[in-house]
Amino acid sequence: MGFFNFFKRNISEQEFQEQQKMKYGLEKTRTGFFQNIVNTLTHAQIDDDLYDTLEEQLILADVGPMCAVRLVDELRDAVEEKHLKNGQQALDELRQIICQELTPRYPMELDGKPAVILVIGVNGVGKTTTIAKLAHLYKEKGKRVMLAAGDTFRAAASEQLELWADRAGVPLVQAGQGADPAAVIFDAVKSATAKGYDMVIADTAGRLHNKKGLMDELAKISRSVKKASPEASLEVLLVLDAITGQNAISQAEEFCRAAGATGIVLTKLDGTPRGGCAVSVWENLGLPIRFIGVGEKIDDLMEFDAQTFVETLLPEEALQKEEEEKEETSGEEQA
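Note that the working numbering has the sequence shown beginning at 21, numbered continuously upward.
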């Protein structure tokens with residue numbers, strides 16, 4: 021099956037609604053730098069100038085210089101190997117390359133009793149709201165979810181999470197400010213195990229990636245989960261702010277080493293025209309994107325699907341619309 025047909029597959033109503041949500045959530049990125057890429061490639065002839073322009077546009081879209089060079093090199097190799105003749109074919113190939121780049125190599129580990137998700141990241145990236153959105157998402161899937169207020173450092177952090185827990189309709193385990201966060205999360209996992217909950221989603225204090233003591237604390241929290249329930253599974257999701265782009269990725273490298281991050285939540289994609297940092301996450305961190313935030317509402321966190329993401333950033337329908345507009349203009353000129 022050709023890649024063009026791959027993107028023209030039949031989809032369910034639910035998939036269509038998800039695509040529409042992502043389309044509106046990624047409006048700034050979709051109509052910004054990535055639209056420039058679509059416009060450049062659609063009717064271009066394949067030559068060195070095209071590759072140079074594409075590389076520049078990928079960097080402007082915040083893909084990152086190294087990733088941009090590699091993507092263009094892969095595209096150049098594919099063009100030669102498959103004897104592609106025009107920019108439209110090159111664009112189809114670029115979609116396929118990016119889709120393969122972003123597709124997770126393995127699923128999340130959520131089979132434990134309970135499944136524990138530890139949410140980490142620097143201040144201001146949206147950890148607390150992400151936790152509430154995760155709780156809502158999994159509750160909608162029929163899971164019994166419990167939250168743990170592991171941010172015992174920031175004043176009013178537990179109160180903020182309590183408001184979100186009420187909104188999501190899930191219980192919260194919390195302690196006073198200054199309590200040991202590992203102990204809070206230990207208690208939550210113990211409670212969830214005893215009460216038959218499927219999942220514990222735990223908040224942690226926002227911390228700078230270069231503060232060794234705080235980073236060591238994350239490692240301690242991870243160990244406490246297994247102590248509370250040897251049958252628990254653990255996912256450590258690192259929340260990154262898409263608006264800060266490549267800077268967020270450089271911060272993330274320390275988190276990966278200290279806390280054993282297993283996946284990425286990329287938030288605030290609705291707030292930037294430069295969402296290309298998503299493309300370079302795997303290359304730089306070796307971690308899959310698991311969720312993306314495309315709005316402020318509690319249901320605006322989406323499970324990441326690489327194919328839908330690429331369809332949204334480099335849409336086929338945009339090209340068709342451009343063709344129709346050109347045909348209309350040509351018809352008017354002839355008239």
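From the three backbone atoms N, C-alpha and C, an ideal C-beta is built for every residue, glycine too.
Bounds of the beta strand (DSSP E) holding residue 313 are 309-313. Straight through space, the alpha carbons of residue 157 and residue 127 are spaced by roughly 17 Å. When DSSP states are grouped into helix, strand and coil, residue 69 belongs to the helix group. Residue 261 carries a strand assignment under DSSP once its states are collapsed to helix, strand and coil. Contact annotation: residue 333 and residue 309 have beta-carbon atoms that are not nearer than 7 Å. Under the three-state reduction of DSSP output, residue 283 falls in the strand class. DSSP, read as helix, strand or coil, puts residue 135 in strand. Around residue 182, the same chain offers 192 as residues with beta carbons nearer than 6 Å, after the five sequence neighbours per side are excluded.
Restricting attention to 140, 82 and 110, the CA atom closest to the CA of residue 295 is found in 82. For residue 128, no alpha helix (DSSP H) run applies, since DSSP gives it neither H nor E. DSSP places residue 182 within a helical segment (H, G or I) once states are collapsed to three.
Exclusion of the five residues before and after residue 222 leaves 138, 168, 170 and 205 as the residues of its chain whose Cβ lies within less than 6 Å of its Cβ. By the neighbour-count criterion, in which 16 or more other beta carbons inside 10 Å mark a residue as buried, residue 219 falls on the buried side. A Cβ-Cβ separation of about 20 Å leaves residue 321 out of contact with residue 269 under the 8 Å criterion. From the listed residues 53, 111, 45 and 46, the smallest Cα separation to residue 71 is found for 111.
Taking every protein chain shown into account, the CB of residue 115 has 16 or more other CB atoms within 10 angstroms, so this residue is buried.
Residues of the same chain with a CB within less than 6 Å of the CB of residue 195, apart from the 5 flanking positions on each side, are 204 in chain order. Note on geometry: alpha-carbon atoms of residue 74 and residue 251 lie some 49 Å from one another.
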